[in-house]
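A.B. asks: In order, the protein sequence lines correspond to chains A and B. So for the first sequence, this note's numbering puts the first residue at 17; every next one is plus one. So for the second sequence, this note's numbering puts the first residue at 2; every next one is plus one. Glycine is no exception: its CB is placed at the ideal position from the N, C-alpha and C atoms.
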Amino acid sequence: KNQVEQSPQSLIILEGKNCTLQCNYTVSPFSNLRWYKQDTGRGPVSLTIMTFSENTKSNGRYTATLDADTKQSSLHITASQLSDSASYICVVSRGLTGGGNKLTFGTGTQLKVEL
Amino acid sequence: EADIYQTPRYLVIGTGKKITLECSQTMGHDKMYWYQQDPGMELHLIHYSYGVNSTEKGDLSSESTVSRIRTEHFPLTLESARPSHTSQYLCASSELNGGVETQYFGPGTRLLVL
Chain A
17 KNQVEQSPQS
27 LIILEGKNCT
37 LQCNYTVSPF
47 SNLRWYKQDT
57 GRGPVSLTIM
67 TFSENTKSNG
77 RYTATLDADT
87 KQSSLHITAS
97 QLSDSASYIC
107 VVSRGLTGGG
117 NKLTFGTGTQ
127 LKVEL
Chain B
2 EADIYQTPRY
12 LVIGTGKKIT
22 LECSQTMGHD
32 KMYWYQQDPG
42 MELHLIHYSY
52 GVNSTEKGDL
62 SSESTVSRIR
72 TEHFPLTLES
82 ARPSHTSQYL
92 CASSELNGGV
102 ETQYFGPGTR
112 LLVL
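#1: Using a Cβ-Cβ cut-off of less than 9 Å, give me the residues of the segment 54 to 79 of chain B that come near chain A, in sequence order.
#2: Answer yes if the segment 82 to 92 of chain B comes into contact with the segment 27 to 36 of chain B, meaning at least three C-beta pairs across the two stretches below 8 Å, and no otherwise.
#3: Can you list, in chain order, the residues of its chain whose CB lies under 6 Å from that of threonine 64 of chain A, leaving out five sequence neighbours each side?
#4: Pick helix, strand or coil for serine 44 of chain A, following the three-state DSSP scheme.
#5: Reducing DSSP to helix, strand and coil, say where serine 99 of chain A ends up.
#6: Would valine 101 of chain B pass as an interface residue toward chain A - the criterion being a Cβ-Cβ separation below 8 Å?
#7: Report the residue from A:Leu37, A:Thr120 and A:Gly57 whose alpha carbon sits nearest the alpha carbon of tyrosine 78 of chain A.
#8: Determine the chain B residues that contact phenylalanine 121 of chain A at a beta-carbon separation under 7 Å, and present them in chain order.
#9: By Cβ distance, which residues of its chain are closer than 7 Å to threonine 67 of chain A, with the 5 residues on each side in sequence left out?
#10: If you follow the beta strand (DSSP E) that alanine 80 of chain A is part of, which residue opens it and which one closes it?
#11: Let me know if isoleucine 121 of chain B comes out buried or exposed under the rule of 16 or more other beta-carbons within 10 Å of its beta-carbon.
#12: Using a cut-off of 8 Å between C-beta atoms, extract the partners of leucine 91 of chain B located in chain A.
#13: Run through chain B and tell me which residues come within less than 9 Å of isoleucine 65 of chain A, C-beta to C-beta.
#14: Per DSSP, which one or two residues make a beta bridge with lysine 32 of chain B?
#15: Determine, using beta-carbon pairs with one atom in the segment 2 to 20 of chain B and one in the segment 38 to 49 of chain B, whether at least three such pairs fall under 8 Å.
#16: In whole angstroms, what is the alpha-carbon distance linking asparagine 40 of chain A and glutamine 22 of chain A?
#17: Can you tell me whether alanine 82 of chain B is buried or exposed? The criterion is at least 16 other CB atoms within 10 Å of its CB, across all chains shown.
#18: In the segment 86 to 119 of chain A, which residues sit with their C-beta less than 9 Å from some C-beta in chain B, listed in chain order?
#19: Can you give the Cα-Cα distance for threonine 113 of chain A and glycine 15 of chain B, rounded to whole angstroms?
#20: So within the segment 20 to 83 of chain B, which uninterrupted beta strand (DSSP E) runs reach at least 3 residues, ignoring any that extend past its ends?
#21: Cβ of asparagine 34 of chain A within 8 Å of Cβ of alanine 95 of chain A?
#22: At least one CB of chain B closer than 8 Å to the CB of asparagine 48 of chain A: is that the case?
#23: In whole angstroms, what is the alpha-carbon distance linking glycine 17 of chain B and leucine 30 of chain A?
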């Protein structure tokens with residue numbers, strides 16, 4: 017079954033601290049993995065995308081890693097800010113026979129950054 | 002910031018009413034999507050379209066219907082709203098770049114059916 021599991025479910029950290037969010041998937045055949053940031057009451061916004069051959073991708077203070085062998089990804093946030101408080105969603109795309117892609121969404125990690 | 006818009010942002014309505022959630026994008030994308038998301042849960046695809054006059058059901062069964070008469074518009078309609086339809090509805094459009102499809106999401110419509 018194609019699934020995406022994220023941990024932890026929620027996380028509270030102090031401003032300025034680093035944190036790492038985890039994503040494990042069983043989606044096959046793998047096409048790409050994307051991390052989204054979703055602010056409360058808003059639509060998700062893409063942070064990073066990695067294909068099979070990429071094992072790390074950075075976007076400012078966000079660094080994503082991918083281990084396609086173990087089917088794991090992580091999102092590392094450096095020097096957290098209050099504005100980082102949001103839900104972080106891992107989305108894995110798989111290729112479909114005949115073309116096209118199908119997305120499987122994780123339930124997200126709810127991050128809260130406090131003073 | 003993606004040029005994809007949804008209206009209304011919030012809607013509180015009584016049971017039995019007909020509602021239409023609007024979604025429009027100015028990026029000229031052919032593919033558009035509707036997702037349903039309950040609080041703290043993952044997004045579930047309920048409808049998608051490959052272009053004008055194309056509409057398909059998604060993974061999650063929904064009593065809503067969609068239409069795609071114009072490239073830029075992808076409205077979702079509920080003929081008779083029920084409390085079970087209370088949720089957040091997210092519209093997205095996508096583009097293919099170098100073989101990788103990127104979806105851009107609208108801000109969502111939070112629907113509460115009383």
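C.D. replies: Taking the geometry as given:
#1: Asp60
#2: yes
#3: Trp51, Lys73, Asn75 and Ala80
#4: coil
#5: helix
#6: yes
#7: A:Leu37
#8: Glu43 and Leu44
#9: Asn48
#10: 78 to 83
#11: Given that chain B is displayed from residue 2 to residue 115, the structure contains no residue 121 of chain B and the question cannot be resolved.
#12: Gly59 and Pro60
#13: Val101 and Thr103
#14: B:Ser95
#15: no
#16: 6 Å
#17: buried
#18: Ser103, Ile105, Val107, Ser109, Gly116, Asn117, Lys118 and Leu119
#19: 43 Å
#20: 20 to 26, 32 to 38, 45 to 50 and 77 to 79
#21: yes
#22: yes
#23: 46 Å
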